[in-house]
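Worksheet: the structure to be examined is printed underneath.
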Amino acid sequence: MFRAETPTHRRYRGHLAVIAIATIGIDLICAFLAYFLERHAPQTEISTLGSAFFWTSTQLLTVSSSIKDPISFGGRVLDILMEAYAITVIATLAGATGAFIQKRGIEIEKSG
């Protein structure tokens, strides 16, 4: 068996892939929503699809952005939902990593 080819490794990679794919999908959907919710709001900095994608990506990755927060009610609700999603993803990732480390440690102890 090759290094990092155990069932535990495959399961962990599967979890990471699901998280990554879901986050990319959420990012794209939220970018379109942010654009349509904010594009006509007065004094908004989210006026193009590019700025919407930049804003959603930075919100999901860092819960912060150089672009000001949304002005419209819908944009603010979207912001809160995205921040909740980001926190959930980090907690899920931490749990999956902890479970992987524990399971892999048990496997190594049994084999060694």
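Just so we're aligned: 40 in the working numbering is position 33 of the sequence shown, and the numbers increase by one with no gaps anywhere. For each residue, glycine too, the CB sits at the ideal point set by N, CA and C.
C-alpha gap between residue i and residue j, whole angstroms
i: Tyr19; j: Ala106; result: 9 Å
i: Leu40; j: Gly112; result: 43 Å
i: Glu90; j: Ile115; result: 37 Å
i: Ala98; j: Thr104; result: 10 Å
Residue i - DSSP class collapsed to helix/strand/coil
i: Asp86; result: helix
i: Gln50; result: coil
i: Ser71; result: coil
i: Arg20; result: helix
i: Ile31; result: helix
i: Arg10; result: coil
i: Ile78; result: coil
i: Pro65; result: According to the sequence displayed, residue 65 carries Thr and not Pro. It is helical.
- request: Pair every Cβ in the segment 45-55 with every Cβ in the segment 9-16, then say whether three or more of these pairs are closer than 8 Å.
  value: no
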